[in-house]
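Written below as structure tokens is the structure these notes are about.
Chains as they are written, first to last, in our numbering: chain A, 189 to 513; chain B, 679 to 1086.
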């Protein structure tokens, strides 16, 4: 398994270079270094000299991908792409256009993002799987029927509605928790309750239906019939046998997103004023801060690859027949 | 300043500054939570988004804006001020159609611009898109700036007439006559017989922007002019303006300091965007205006300077390189515990004068945010009621046989 993991990590390097190249190309198709300078320097009184100075100070005065004037290897290395990309592979994300240390920002914003995403993930899994199992348990009854109808209805509602309705009812009308904001330490709990609740409720429809389908598929397999023939109760069949055997598709969907929890949620963080990585990324896109955008895309890609590796490893844990070679 | 004493702004004069120990600025990105938190007392002040305008403001008497009853009950008060800003629609004077390249074309283009100035009804624009928060501009200079003239002598005679003690936009017939004089009778180019098509460069994104653009097309349609909207992102838009590739565009200016010079320089020839990367996005260049600007820019305010400004404004109104657009009005809502406020967009060093009654704020916050607990009880009852049949069904299910016999 160790060899497999090393191999997958090595495969990740060209993928990350490719992702970096695509991000770079997409970003600079829309924004030139001059545009970036103008955005940072403001709209008024921006002279060509000020723009040039800004570019030199931040290393955007070089050619983008190929330096015609440099010699030998310098044609490729003395470029914006090379200089801005290489450092990221040693996790040196550099500074944002406003001068702040990106690594430091990521570090400080990771916790608020995680404080919402992790409880939503764990609670969500428990709630969705439990409801799905109950629906399967009561399959072909009115509980299952109305459960599916309810799920479809929940799926059809925009996540923005859950946020706005949640803030209106829970915070504005009933005053249970603050509408938005963030605090340090335990003080943060009162700000996190509502976004976590909304995060869980917002995905009940789609996730429950997904898990219900997985469980129903398992229910038709022969080992379930054998278990019933042995005289096991339906509860034991479901929670002990079906749940365990349905772990592979569950893990496929769940483990891959675990590393991405660090990146936060754009919408929730924006509406609840959580100073996390989701809002950090969206602000960077709006302010054309390429340094942050590439750092976040790089981090996202890396975490996604890590998630895929973790998924593969988790398969071996739930199914002894699987070997990673 | 006049009115300061009446508004209670001098009560604390002579006292030691500052009045508050700590100021926390919070960036609330979304308008809905920002508005709700203000109503709950967690923010001391707020602007008013168009979504919340009707909830917050009502017009009384002669169109005077005041807070609604619900706001007044909470002790919230409204402060309005005309911003030292202007939103305008500019013509690129380097464009042969709207700017002209020889004397005859320039004269024709001037009449075309004047006709459009009359046709685009900014009173209607302010009413529809700004909830009435603005005043139609008569020149680039905003109210409150030395050099700005009020009343009859302040109106733009190209676009307005003075009737019943107020400016009245000239009829569309006047605009049509000007258009015909420009060589486009009924919006048709009399040289080619083709309909007149103009291009409007914008950075529109939202659905509200689309409504504004539809409205703008209709304004041009009054003169039978086809307006083609060229929407792009802000980077490309700036690029077009820098290179002089735009024909008609929309932009704005917030004054850096309260002086007419800071508005009039936006049309000063040597400030041309295309030629000198300056701030004159219309690339307007008039020798007399330039010379008057140089004479005026370092003068102290006074009758002599006013005369020069009057002449400069007269030249601008005649040449109409911009549709003068409108000056926005800033509306701000403030809680009763927030005192010594004199809103403005230029001076940023007034935090030391602000005063907060922290006791009153804490008391109001408590009063307004008393938790309502009955929904929790209701929720528990609903859960219990819905659990009961589920548990019963579960028990039935667990005790039932796999195959039901005929006798059972």
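Built from N, CA and C at the ideal position, the CB exists for glycine as well.
Check: Look at the alpha carbon of residue 850(B) and the alpha carbon of residue 830(B), and state the distance between them as a whole number of angstroms.; Outcome: 21 Å
Check: Measuring CA to CA, which of 434(A), 375(A), 361(A), 437(A) is closest to residue 1054(B)?; Outcome: 361(A)
Check: Going by C-alpha distance, which of 926(B), 965(B), 987(B) is nearest residue 974(B)?; Outcome: 987(B)
Check: If you measure from the beta carbon of residue 795(B) to each beta carbon in chain A, is any gap under 7 Å?; Outcome: no
Check: For residue 896(B), go through chain A and note every residue whose CB falls closer than 9 Å to its CB, in chain order.; Outcome: Here the premise fails: no neighbours, minimum Cβ distance about 29 Å.
Check: Against chain B, does residue 458(A) count as a neighbour if the rule is that its beta carbon must be under 7 Å from one of theirs?; Outcome: yes
Check: Mark residue 659(B) as exposed unless 16 or more other C-beta atoms lie within 10 angstroms of its C-beta, in which case mark it buried.; Outcome: Residue 659(B) lies beyond the residue range present for chain B, which begins at 679 and ends at 1086; the question has no answer from this structure.
Check: Could you tell me whether the Cβ of residue 250(A) comes closer than 7 Å to any Cβ of chain B?; Outcome: no
Check: Residue 853(B) and residue 797(B) look like a contact to me (Cβ under 8 Å); what is the Cβ gap, rounded to whole Å?; Outcome: 5 Å
Check: Any idea what DSSP makes of residue 1084(B), helix, strand or coil?; Outcome: Any reading at residue 1084(B) needs caution, since the residue's pLDDT is 48, under 50, leaving its predicted position unreliable; the model's value is listed next. Coil.
Check: Could you check whether the region 891-906 of chain B touches the region 871-879 of chain B, counting it as contact only if at least three pairs of C-beta atoms, one from each stretch, sit closer than 8 Å?; Outcome: yes
Check: Grab me the residues of residue 897(B)'s own chain with a C-beta within less than 7 Å of its C-beta, minus the 5 sequence neighbours each way, in chain order.; Outcome: 797, 798, 799
Check: If you follow the alpha helix (DSSP H) that residue 146(A) is part of, which residue opens it and which one closes it?; Outcome: For chain A, the structure presents residues 189 to 513; residue 146(A) sits outside this window and is missing.
Check: Could you tell me the alpha carbon to alpha carbon distance between residue 234(A) and residue 951(B), rounded to whole angstroms?; Outcome: 11 Å
Check: Look up residue 800(B) in the DSSP assignment and say whether it is helix, strand or coil.; Outcome: helix
Check: Under 7 Å, Cβ to Cβ, is there at least one residue of chain A near residue 1086(B)?; Outcome: With a pLDDT of 42 at residue 1086(B), under the threshold of 50, the predicted position of this residue should be treated as unreliable, though the coordinate-derived value follows. Judged by the 7 Å Cβ criterion, residue 1086(B) is not in contact with chain A.
Check: Would you mind sorting residue 294(A) into buried or exposed? The rule is 16 or more other CB atoms within 10 Å of its CB.; Outcome: buried
Check: Expressed to the nearest angstrom, what Euclidean distance is found between the alpha-carbon atoms of residue 1010(B) and residue 808(B)?; Outcome: 14 Å
Check: Which residue wins for smallest C-alpha separation from residue 893(B), given the options 977(B), 835(B), 805(B), 967(B)?; Outcome: 805(B)
Check: For residue 334(A) and residue 484(A), what's the separation of their Cα atoms in angstroms?; Outcome: 42 Å
Check: Quick one: what does DSSP say residue 278(A) is sitting in, helix, strand or coil?; Outcome: helix
Check: Could you give the residue range of the beta strand (DSSP E) that holds residue 932(B)?; Outcome: 926-932
Check: Taking 8 Å as the threshold, find out whether the region 333-353 of chain A comes into contact with the region 429-446 of chain A through three or more Cβ pairs.; Outcome: no
Check: If the criterion is Cβ atoms closer than 7 Å, does the pair residue 745(B) and residue 1007(B) meet it?; Outcome: no
Check: CB-CB under 8 Å to residue 215(A), same chain, minus the five flanking residues each way: which ones, in chain order?; Outcome: 478, 481, 482
Check: Using three-state DSSP, classify residue 359(A) as helix, strand or coil.; Outcome: helix
Check: Can you list, in chain order, the residues of its chain with a C-beta nearer than 8 Å to that of residue 846(B)? Leave out the 5 residues immediately preceding and following it.; Outcome: 838, 839, 840
Check: From residue 789(B) to residue 922(B), what does the alpha carbon distance come to, in whole angstroms?; Outcome: 21 Å
Check: Would you call the region 1013-1030 of chain B in contact with the region 328-346 of chain A, where contact means no fewer than 3 C-beta pairs closer than 8 Å?; Outcome: no
Check: Any beta carbon of chain B sitting closer than 7 Å to that of residue 360(A)?; Outcome: yes
Check: May I have a chain-ordered list of the beta strand (DSSP E) segments no shorter than 3 residues that lie completely inside the region 819-853 of chain B?; Outcome: 838-841, 844-847
Check: Use the C-beta contact count for residue 513(A): other C-beta atoms within 10 angstroms, 16 or more gives buried, fewer gives exposed.; Outcome: exposed
Check: For chain A, check one thing: does any of its Cβ atoms lie closer than 7 Å to the Cβ of residue 955(B)?; Outcome: yes
Check: Using the beta-carbon of each residue, which ones in chain A are nearer than 9 Å to residue 1050(B)?; Outcome: 361, 362, 363, 364
Check: List in chain order: all unbroken alpha helix (DSSP H) runs of 4+ residues lying wholly within the region 923-1003 of chain B.; Outcome: 939-942, 951-954, 965-975, 981-997
Check: Which residue marks the beginning of the beta strand (DSSP E) containing residue 494(A), and which one marks its end?; Outcome: Taken as a continuous stretch (DSSP letters only), residue 494(A) belongs to no beta strand (DSSP E), being part of the alpha helix (DSSP H) at 478-506.
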